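>
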Amino acid sequence: MKNTILINLENQNLHGNVLDVGFCNYGITYSLFKNGNDEISVDYLEGKNEKEKIEDDFYDSCIVFFALSNIWLKYNRKKVLFDLVKHLKREGVIYIWDLDKPYGRIFNKRLKVVLPGREIKIIKLKELNMLKDTSFESTKKVIEKYFEIIDYTCSDNIYCIKGKKIAYK
Numbered sequence: 002m003k004n005t006i007l008i009n010l011e012n013q014n015l016h017g018n019v020l021d022v023g024f025c026n027y028g029i030t031y032s033l034f035k036n037g038n039d040e041i042s043v044d045y046l047e048g049k050n051e052k053e054k055i056e057d058d059f060y061d062s063c064i065v066f067f068a069l070s071n072i073w074l075k076y077n078r079k080k081v082l083f084d085l086v087k088h089l090k091r092e093g094v095i096y097i098w099d100l101d102k103p104y105g106r107i108f109n110k111r112l113k114v115v116l117p118g119r120e121i122k123i124i125k126l127k128e129l130n131m132l133k134d135t136s137f138e139s140t141k142k143v144i145e146k147y148f149e150i151i152d153y154t155c156s157d158n159i160y161c162i163k164g165k166k167i168a169y170k
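If you're matching positions, the sequence shown starts at 2 in the numbering used here and goes up one per residue.
1) Which residues mark the beginning and the end of the beta strand (DSSP E) in which F108 is found?
2) How many Å lie between K165 and D84 at the Cα?
3) List the endpoints of the continuous beta strand (DSSP E) containing S62.
4) Which residues in the same chain have their Cβ closer than 8 Å to the Cβ of I72, if we skip the five residues on either side of it in sequence?
5) What residues match up with Y150 in a beta bridge as DSSP calls it?
6) To the nearest angstrom, how far is the alpha carbon of I159 from that of C63?
7) Name the two residues that bound the continuous alpha helix (DSSP H) containing R78.
8) Less than 8 Å between C-beta atoms, sequence neighbours within five positions excluded: which residues of the same chain meet that for T154?
9) Which partner residues does C25 have in the DSSP bridge list?
10) Within this structure, are the beta carbons of T5 and K113 separated by less than 7 Å?
11) Spatial neighbours of L168 within its chain, please: CB distance less than 7 Å, with the 5 preceding and 5 following residues excluded, ordered by chain position.
12) Buried or exposed for S136, going by 16 or more other Cβ atoms inside 10 Å?
13) Can you tell me whether S70 is helix, strand or coil according to DSSP?
14) Measuring straight from C-alpha to C-alpha, what distance separates H16 and D61?
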């Protein structure tokens, strides 16, 4: 099963108001949030037409689960991250999982995501555009303008970044 990558989110917990940003609703954020929470407040943002519905300075955390790699231009990825800053509270946290795929490479694998309660989701990810750079380094350069990187991992061509909103005066 070398074409399958394991992502273990079994011990990941989310609290407060959560904004789930993506093009495909994999149900990951809901599964992480419902673990130990009686009152669930997850809002989904699946396209630029929905961003007017999203409140500013409202969310405690934001999840970007394999969404940035779906955005063609680097400029547009920067704009999305800039917009997300406005929606997070002063101490807000962003979690980004995505493909570590530089120019000249492709990605075609399955993800096996282990969620709380040992729930398992299988997700197929395919990025065959060799002209697109969705690498960790590329994302890191953009995110550091808006977030302090608290933690990150990079393995098997997948990266995860946890960042805290930088408070501006």
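Even glycine gets a Cβ: it sits at the ideal position worked out from N, Cα and C. Values in this document were obtained by computation on a predicted structure and should not be read as measured data.
Short version:
1) 108-115
2) 15 Å
3) 60-66
4) R78, V81
5) It should be pointed out that residue 150 corresponds to Ile in this sequence rather than to Tyr. G164.
6) 18 Å
7) 75-88
8) Y160, C161
9) Per DSSP, none; premise fails for C25.
10) yes
11) Correcting the residue type first, residue 168 is Ala in the shown sequence and not Leu. R91, listed in sequence order.
12) buried
13) helix
14) 7 Å
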